[in-house]
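Below is one structure, written out as structure tokens; the observations come after it.
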Amino acid sequence: MLPGVAQRPVRLQPRRARALVRRLLAWFAAHARDLPWRRTRDPYAIWISEIMLQQTQVKTVLPYWERWMRALPDVGAVARARSVTLHKLWEGLGYYGRVRNLQRAARRIVREHGGRVPERFEELLALPGVGRYTAGAIASIAFNQPRPVLDGNVTRVLTRLFGIAGDPREAQTRARLWALAEMLVQEAARLREWERPCSQFNQALMELGALICTPRAPKCADCPLQTACTAHRAGRPESFPARRRAAPALRKRVLVLVLAYRGRFLVRQRPPTGVNARLWEFPNVELAGSEAGAGPSRDALRRALCNGQPSDAPARRDTGPLPSTLSRLTTLQHSITRYRFTLDVYGGEISDTPPRWPGRWLSLRQLQRLPLAGAHRKILARLMLR
Ligand code: SF4
Numbered sequence: 141m142l143p144g145v146a147q148r149p150v151r152l153q154p155r156r157a158r159a160l161v162r163r164l165l166a167w168f169a170a171h172a173r174d175l176p177w178r179r180t181r182d183p184y185a186i187w188i189s190e191i192m193l194q195q196t197q198v199k200t201v202l203p204y205w206e207r208w209m210r211a212l213p214d215v216g217a218v219a220r221a222r223s224v225t226l227h228k229l230w231e232g233l234g235y236y237g238r239v240r241n242l243q244r245a246a247r248r249i250v251r252e253h254g255g256r257v258p259e260r261f262e263e264l265l266a267l268p269g270v271g272r273y274t275a276g277a278i279a280s281i282a283f284n285q286p287r288p289v290l291d292g293n294v295t296r297v298l299t300r301l302f303g304i305a306g307d308p309r310e311a312q313t314r315a316r317l318w319a320l321a322e323m324l325v326q327e328a329a330r331l332r333e334w335e336r337p338c339s340q341f342n343q344a345l346m347e348l349g350a351l352i353c354t355p356r357a358p359k360c361a362d363c364p365l366q367t368a369c370t371a372h373r374a375g376r377p378e379s380f381p382a383r384r385r386a387a388p389a390l391r392k393r394v395l396v397l398v399l400a401y402r403g404r405f406l407v408r409q410r411p412p413t414g415v416n417a418r419l420w421e422f423p424n425v426e427l428a429g430s431e432a433g434a435g436p437s438r439d440a441l442r443r444a445l446c447n448g449q450p451s452d453a454p455a456r457r458d459t460g461p462l463p464s465t466l467s468r469l470t471t472l473q474h475s476i477t478r479y480r481f482t483l484d485v486y487g488g489e490i491s492d493t494p495p496r497w498p499g500r501w502l503s504l505r506q507l508q509r510l511p512l513a514g515a516h517r518k519i520l521a522r523l524m525l526r
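Those letters in the sequence shown? Residues 141 to 526, by my numbering.
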């Protein structure tokens with residue numbers, strides 16, 4: 141264990157808490173990034189930014205947020221939007237459950253709160269897709285309430301600052317971190333000299349984690365909390381927070397078929413639940429280890445064209461003749477969480493009227509308007525270049 145590292149609840153004296161809060165607020169006032177959702181107090185705009193920023197970097201979110209706010213400027217617009225519009229606006233951000241929850245929450249806000257994002261923490265927490273972190277972020281950032289936030293950045297700053305050695309995914313350590321975040325934001329609320337101190341303080345904590353107290357090579361020399369920081373004193377800031385070993389990556393091989401008939405391409409929509417739910421894709425199927433390498437077998441083609449159904453499924457009887465001349469278009473690598481996909485993309489023209497394979501035949505223009513799963517968007521981009 142490192143010297144000074146905490147195993148018990150951290151006691152935080154009000155004077156020390158106040159000093160930390162003041163330093164952080166002053167640093168934020170001088171160094172905060174100018175982000176568009178920081179120029180507004182509109183709780184709707186802040187809510188959208190918080191949902192987009194989950195698991196996603198600021199620079200990725202910026203164009204998405206701008207586009208979303210132009211297309212759907214208020215809660216009512218989200219509640220009324222078509223599913224395809226929402227998914228297209230979210231296309232590429234991943235974790236598509238977020239956008240479906242956004243619409244469910246928007247509809248509830250219209251129904252129960254007259255279209256205005258509620259101020260009460262408990263009402264925020266009751267919205268679909270809004271957990272303790274997001275409710276705390278909206279309550280504090282938009283409404284300046286003394287509610288704590290605890291995301292990855294805040295966890296890193298607090299574990300290092302207070303030398304908390306436990307794994308933040310364990311309940312006891314998490315509870316300790318929430319308690320510390322709460323003590324600090326409540327201390328911020330007492331500072332009358334600052335305008336909207338709870339809002340500023342929580343953003344400051346997150347900003348410090350994003351810009352200075354980074355996972356690798358934290359810039360302790362530029363940190364306003366350096367003299368108070370346990371991990372810095374111990375000389376090993378990167379040892380915090382404690383990490384479990386990452387699960388090993390899982391490799392998968394997928395056959396993708398790009399079939400063209402009279403200038404249209406066969407695509408289908410994914411089911412309403414699961415990974416990439418409701419997004420569109422070219423017919424594809426996961427290959428068994430023994431199928432990888434050589435060209436696509438007749439069985440793999442058939443499985444891809446009938447939505448991966450097993451060989452004895454009734455739908456297979458309707459697949460008709462398989463395309464006979466296919467050529468390899470490309471091989472793509474794509475990752476989702478710990479899965480590493482290699483996609484063997486084969487394509488071919490169908491000259492006779494195609495059998496009734498599941499899916500729709502759409503032009504390139506129509507495909508561009510649809511929300512496509514990530515790897516399939518890359519395939520479409522290549523088709524557009526041909
Ligand atoms: S001194 Fe270093 S480790 Fe400590 S909070 Fe600042 S950046 Fe993080």
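Glycine residues also receive a C-beta, built at the ideal position from the N, C-alpha and C atoms.
In the DSSP output, which residue or residues are listed as bridge partners for residue i?
| i | result |
| --- | --- |
| Trp420 | Gln409, Leu512 |
| Lys392 | Phe481 |
| Ile476 | Tyr479 |
| Ser467 | Gly487 |
| Trp501 | Leu406 |
| Val425 | Leu395 |
| Ala400 | Phe405, Glu489 |
| Ile281 | None, per the DSSP bridge assignment. |
Excluding sequence positions up to five away, which residues of its chain have a Cβ less than 7 Å from the Cβ of residue i?
| i | result |
| --- | --- |
| Leu264 | Pro258, Val270, Ala275, Ile278, Ala279 |
| Arg163 | Pro364, Leu365 |
| Ala440 | Leu395, Val425, Leu427, Glu431 |
| Glu190 | Thr274, Ala277, Ile278 |
| Leu290 | Tyr273, Leu317, Trp318, Ala321 |
| His474 | Phe481, Leu483, Gly514, Ala515 |
| Gln409 | Arg418, Trp420 |
| Ser223 | Arg418 |
| Arg404 | Trp501, Leu502, Ser503 |
CB residue i to CB residue j, shorter than 8 Å?
| i | j | result |
| --- | --- | --- |
| Ala305 | Ala361 | no |
| Leu512 | Leu502 | no |
| Cys338 | Pro423 | no |
| Gly487 | Val398 | yes |
| Ile490 | Tyr401 | yes |
| Ile188 | Trp208 | yes |
| Arg248 | Leu267 | yes |
| Tyr236 | Gln195 | no |
| Tyr204 | Leu233 | yes |
| Pro288 | Val325 | yes |
Using CA atoms only, rank isn't needed, just tell me which of the options is closest to residue i.
| i | options | result |
| --- | --- | --- |
| Leu175 | Arg163, Ala166, Lys199, Val161 | Lys199 |
| Gly292 | Thr482, Ala246, Leu351, Ser437 | Leu351 |
| Arg244 | Arg207, Glu231, Val215 | Val215 |
| Leu427 | Arg404, Gly414, Arg393 | Arg393 |
| Ala219 | Arg509, Arg256, Leu525 | Arg256 |
| Tyr184 | Ala172, Leu242, His171 | Leu242 |
| Ala221 | Glu231, Tyr236, Arg240, Leu233 | Arg240 |
| Arg173 | Gln153, Ala157, Met346 | Met346 |
| Val560 | Thr470, Trp208, Arg151 | As shown, the chain starts at 141 and ends at 526. That puts residue 560 outside it, with no answer to give. |
| Gln343 | Lys359, Arg238, His171, Ile188 | His171 |
| Glu421 | Leu317, Lys518, Pro203, Arg356 | Lys518 |
| Arg300 | Ala266, Phe341, Thr367, Glu310 | Thr367 |
| Ala282 | Phe302, Gly254, Arg260, Leu267 | Arg260 |
| Thr493 | His253, Trp334, Leu462 | Leu462 |
| Asn284 | Gln340, Ile249, Leu298, Gly234 | Gln340 |
| Pro498 | Arg526, Glu310, Pro411, Leu226 | Pro411 |
| Ala315 | Leu298, Arg238, Ser437 | Leu298 |
| Gly303 | Lys359, Thr370, Arg238, Gln194 | Thr370 |
| Thr180 | Gly349, Glu262, Val250, Arg336 | Arg336 |
For residue i, which residues in the same chain have their Cβ closer than 8 Å to its Cβ, ignoring the five residues on either side in sequence?
| i | result |
| --- | --- |
| Leu307 | Looking at the sequence provided, one finds Asp at residue 307 rather than Leu. Within the same chain, Asp307 has close Cβ partners Thr313, Pro381, Ala382, Arg383, Arg384. |
| Pro355 | Arg296, Glu378 |
Beta-carbon within less than 6 Å of residue i's beta-carbon, same chain only, minus the 5 sequence neighbours each way: which residues are those?
| i | result |
| --- | --- |
| Ala387 | Arg478 |
| Trp228 | As written in the sequence, residue 228 is Lys, which differs from the Trp given in the question. Same-chain partners within the cutoff: Pro511. |
| Leu507 | Leu520 |
| Leu152 | Met323 |
| Ser451 | Legend: pLDDT at Ser451 = 44, less than 50; position of this residue unreliable, value from coordinates given subsequently. Within the same chain, Ser451 has no close Cβ partners at all. |
| Ala159 | none |
| Glu327 | Ala157, Arg158, Val161 |
### Message
Taking contact to mean 3 or more Cβ pairs, one atom from each stretch, closer than 8 Å, check whether the region 363-383 and the region 461-468 are in contact.
### Response
no
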